[in-house]
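These notes are about the structure you will find just below.
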Amino acid sequence: MAWTEPAAWFEQLPACYLATGMLLTDPRGRVLLVKTHYRPDWGLPGGVAEDNEPPHLACAREIYEELGLDRPAGPLLAVDFVAADGDRLRPMLYLIFDGGTLDDPAITMQEDEIADFDLFPDSAASLMTTATSHRLPRALTARRTGRVTYLAHSS
């Protein structure tokens, strides 16, 4: 195999999207979910990382932008590999970080993006799409056990 300049070699490698979510619960164990204006279902707060942005910082930034919560992203709980499909031309890595317990959440919604938020029991996965609902119980288990979980192709 012939030598390839590093820049050319990196240029030809596949790329993927990077998105993050934060698991936040209240003292009773209820999970904070958000409903955006652009999706009909509930989901974990978070969003897509900007170019060259570390995932944990992207997560904290999104939580601040969406909910006005100044919280660092805690330990990594789950990694979900999602294959390219339809309009999503590249695969995506979705990372869930532990945001800890909200004792008295002073949430300020970003109303142009977030339509609603609420706290739900851990059965809240039923409010999420079938493509994302598997993440919540696995992230909750990872929080309890201290072991990061890996999901692939929405399994």
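So the sequence shown is numbered by full-length UniProt numbering: it starts at 1 and just counts up by one. Yeah, the Cβ is synthetic: ideal placement off N, Cα and C, and Gly gets one too. Because the structure is a prediction, the values reported are computed rather than measured.
Give me, in chain order, the residues of the same chain whose beta-carbon lies closer than 7 angstroms to that of residue i; leave out the 5 immediate sequence neighbours on both sides.
| i | result |
| --- | --- |
| residue 128 | 41, 42, 43, 136 |
| residue 142 | 77, 78, 148, 149 |
| residue 107 | 67, 68, 69, 117 |
| residue 55 | 18, 20, 49, 95 |
How many whole angstroms separate the CB atoms of residue i and residue j, which I take to be in contact at a CB cut-off of 8 angstroms?
| i | j | result |
| --- | --- | --- |
| residue 34 | residue 120 | Not really, about 11 angstroms apart at Cβ, beyond 8 angstroms. |
| residue 24 | residue 32 | 4 angstroms |
| residue 19 | residue 92 | 6 angstroms |
| residue 132 | residue 27 | Contact doesn't hold; Cβ gap of about 25 angstroms is too wide. |
Residues in the same chain with beta-carbon distance under 8 angstroms from residue i, minus the five sequence neighbours each way, listed in chain order, please.
| i | result |
| --- | --- |
| residue 36 | 43, 113, 114, 115 |
| residue 15 | 90 |
Can you tell me whether residue i is buried or exposed? The criterion is at least 16 other CB atoms within 10 Å of its CB, across all chains shown.
| i | result |
| --- | --- |
| residue 97 | buried |
| residue 82 | buried |
| residue 78 | buried |
| residue 99 | buried |
| residue 86 | exposed |
| residue 49 | buried |
May I ask which residues mark the beginning and end of the beta strand (DSSP E) holding residue i?
| i | result |
| --- | --- |
| residue 2 | Counting along the chain, residue 2 falls outside any beta strand (DSSP E), and DSSP gives it neither H nor E. |
| residue 151 | 149 to 152 |
Near residue i, which residues of its chain fall below 6 angstroms by C-beta distance, leaving aside the five closest residues on each side in sequence?
| i | result |
| --- | --- |
| residue 62 | 46, 47 |
| residue 21 | 44, 46, 96 |
| residue 59 | 20, 22, 46, 73, 97 |
| residue 140 | 122 |
Quiz item: Enumerated in chain order, which unbroken segments of the beta strand (DSSP E) with a length of 3 residues or greater are wholly contained in the UniProt domain "Nudix hydrolase" (15 to 142)?
Solution: 17 to 25, 31 to 36, 46 to 48, 76 to 82, 92 to 101, 114 to 120
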